[in-house]
Every structure is written in structure tokens, then in C-alpha cells.
Amino acid sequence: MKRFIVSVLLIIICFLFQTTVFKGLNFGGIVPNLLIILTASFGFMRGERTGLIIGFFCGFLADIFFGNVLGLNAMIYMYIGYANGKFNRIFFPEDIKLPLCLILVSDLAYGFLYYITLFLMRGRFHIGYYFLNVILPEMIYTILITLLLYPLVLWINKKLEASEKRSARKFV
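Position 60 of the sequence shown, counted from 1, bears residue number 51 in this note's numbering, the numbering being contiguous throughout.
This is how it looks when you write it as C-alpha cells:
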């Protein structure tokens, strides 16, 4: 129950920061994607199922407030969370290279999937422009924020795991 409450709070806090604080700290209209950081982090820290669930709720929240098509962000975030969950077996908390690479690829995948579903299907073939002016700057900004946010998410996850282990020992 504690993990559920903390997860919901993290999703809401990241969403609020992404839509308020970082809207004021944007660079050329580009805002870091904190929900991708959260989805990918929970995916490779906790596995496919958790990544999928966190991804669904992050994406659904984005769809409700800003989506053009209800469910599109939820679907993309779910895929990203599930794919990152596949790396759970090789995840080492001390190594930040894997999380940085996975979050970078996740943001790139999100940008391309979003472009394909919203723009390419409507006949807008400006992938070079979209990549250089939206996807690439967002990836860079997201990675810079990842260096600050990821250690906090990792610390929270470690505290929750320690708490769960203590609770499990009480029942054994």
C-alpha cells in the first residue's frame, strides 16, 4: 500500500513540475519529459509490470490534460515502461550509465512514436525539422534533468524496498 501511495504521489508531483515549474524554465518552448524519466526508472528498477502500470497512469494523465487523442500517450508510455522493464535483470543501482541511456532512448522513442501517430499519418513529412527542433532539444533537456531526478527516484525506491523487507520479516 505504501508503494502505491508513493507511486501516485511521484506521478502527480512529476506531472505538476513538468506542467508548471518547467513551463517557466523552458528553452525555446521545450520542456523536459519528467513522466518519461519516471516511467523508464520504475520500469528498469521494478520490472515490466510496474513499468507498464506506471507508464499507463503517466500517459493517461498527460492525455487527460494535454492529449489530442485520448489514450495515445497512455499507449506510448505503457510500451516504454514495459520495454524498460526488460532491462530489470541487468539493472545495477550504482551504475548511472544504463538509466541515462535507457531514458535517452525512451525519450527518442516517445518523440518518434508521437510524430508518427499524430503528424505522419496526416501527411506532414517534416521529420527532419521535428527531430532537430523538438525531439533532440527535449532529449538533451530531459537527460540533464535526469541527472538530478534519477538519484531521487532511486533513493525513494531503495527506501521502499527496505521498508518492504522489514515488513516481510515481521510476518516470517
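Every residue, glycine too, gets a C-beta built ideally from N, C-alpha and C.
Only a predicted model underlies this, so the values are computations on that prediction, with no experimental measurement involved.
- According to the DSSP secondary-structure assignment, Phe18 is paired through a beta bridge with Ile21.
- Taking a 10 Å sphere around the C-beta of Ala65, we find 16 or more other C-beta atoms and assign the residue as buried.
- Rounded to whole angstroms, Pro128 and Arg160 show a C-alpha spacing of 47 Å.
- DSSP, reduced to helix, strand and coil, places Asp86 outside both helices and strands of the structure shown, so it counts as coil.
- Each of Asp98, Gly38, Asn148, Cys49 was checked against the Cα of Ile81, and the nearest Cα belongs to Gly38.
- Closest in alpha carbon position to Ala100, among Glu85, Gly19, Phe47, Ala74, is Ala74.
- Here the C-alpha atom of Ile107 lies approximately 15 Å from the C-alpha atom of Leu123.
- Under a 10 Å Cβ-count criterion, Met36 is classified as buried, with 16 or more other Cβ atoms of the shown protein chains found around its own Cβ.
- Closest in alpha carbon position to Phe18, among Glu152, Lys77, Met130, Gly34, is Met130.
- In this structure, the straight-line span from the alpha carbon of Leu138 to that of Thr41 is close to 22 Å.
- In the same chain as Leu135, and ignoring 5 residues on each side of it, the C-beta atoms closer than 8 Å to its own belong to Pro23, in chain order.
- Between the alpha carbons of Tyr105 and Lys150 lies a gap of roughly 34 Å.
- In this structure, Val(-3) lies near Ile147, with their beta-carbon atoms less than 8 Å apart.
- Comparing alpha carbon positions, the residue from Phe(-5), Ala31, Lys14 closest to Leu140 is Ala31.
- Taken through DSSP and simplified to helix, strand or coil, Gly34 comes out as helix.
- The alpha-carbon of His117 is positioned some 22 Å away from that of Leu95.
- In terms of Cα proximity to Tyr132, the closest of Phe13, Leu63, Ile4 is Phe13.
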